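What the sequence shown shows, in the numbering used here, is residues 4 to 143, in sequence order. Quick notes on the structure that follows.
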Amino acid sequence: MVWYENGLWFSCVKCGACCRDRGGEKYVFLLEGEDEKLASMLRISVDDMRAKYLVPVGGYACLRNKGEDCVFLSGSECIVYPARPLQCSSWPFWPENMRRKRWIAEVEGKCPGAVKGRLFSREEIEGILERQRGKDMAGF
Ligand code: SF4
Ligand code: SF4
């Protein structure tokens, strides 16, 4: 039985905290095809989107920062929310967060949307984890 057998509560309150102060080792990497999704939402070509909003990190495509914040953060809002990368939309259900101690420290300790909102069942959480497996990262 996993520690989150009875599910976990979460609802993003859109405070923008996880999109701010993205210096150091905080990166949002794109998966293959996510550049096209973003370009389509922004109504620009894929080449223009990549030139304007992406940077290479270790050979992979990563969202550019504006100062210390994600380039797509405006106030506390993500301006590409429906087309945001899976790395953003799958938070906080990342494989590395699915250890109880880490969940308490990194999710409950830092995200005001944790322990509130709606209950994600174990099956839903495992579905989100599964969607992140075996995906190819977009190269740069
Ligand atoms: S820190 Fe949590 S509540 Fe705030 S924007 Fe990020 S996911 Fe949403
Ligand atoms: S793409 Fe949107 S959700 Fe993801 S880090 Fe940037 S502002 Fe936040």
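Backbone N, C-alpha and C define an ideal beta-carbon position, used for all residues, glycine too. In this text the structure is predicted, and so the values were computed from the model without any measurement.
* Roughly how many angstroms lie between the CA atoms of Gln-90 and Arg-25, to the nearest whole one? -> Along the sequence shown, one-based indexing puts residue 90 at 87. Along the sequence shown, one-based indexing puts residue 25 at 22. Each residue's Cα considered, the two are about 14 Å apart.
* Asked: Taking a cut-off of 6 Å, which residues have a beta-carbon closer than that to any heavy atom of ligand 1, in chain order?
  -> Cys-15, Val-16, Lys-17, Cys-18, Gly-19, Ala-20, Cys-21, Trp-94, Cys-114, Pro-115 and Gly-116
* Which runs of the alpha helix (DSSP H) spanning at least 4 residues fall entirely within the region 79-140, listed in chain order? -> 89-92 and 125-135
* Compare the C-alpha of Lys-138 against each of Tyr-30, Glu-8, Glu-35 and Val-31 and name the closest. => By one-based count along the sequence shown, residue 138 stands at place 135. Minimum Cα distance to Lys-138 is reached at Glu-35.
* Are the beta-carbon atoms belonging to Cys-81 and Val-31 less than 8 Å from one another? -> Residue 81 sits at position 78 when you count from the first residue of the sequence shown. Residue 31 sits at position 28 when you count from the first residue of the sequence shown. Contact: no.
* To do: Specify whether the region 113-130 and the region 6-13 touch according to this definition: at least 3 beta carbon pairs, one from each stretch, less than 8 Å apart.
  => yes
* Asked: In three-state DSSP terms, what is Val-49?
  -> Reading the sequence shown from its first residue, position 46 is the one you call residue 49. Three-state DSSP puts Val-49 in a helix.
* **Inter-residue spacing [alpha-carbon to alpha-carbon] between Ser-48 and Gly-70** => Position 45 of the sequence shown, counted from the first residue, corresponds to residue 48. Position 67 of the sequence shown, counted from the first residue, corresponds to residue 70. If you take the alpha carbons of Ser-48 and Gly-70, they lie about 24 Å apart.
* Taking the beta strand (DSSP E) that Cys-65 falls in, what are its first and last residues? -> Counting from one through the sequence shown, the residue named residue 65 turns up at place 62. That run of the beta strand (DSSP E) goes 63-66.
* Asked: Bridge partners of Trp-12, per DSSP?
  -> Walking along the sequence shown from the start, residue 12 turns up at place 9. Leu-122.
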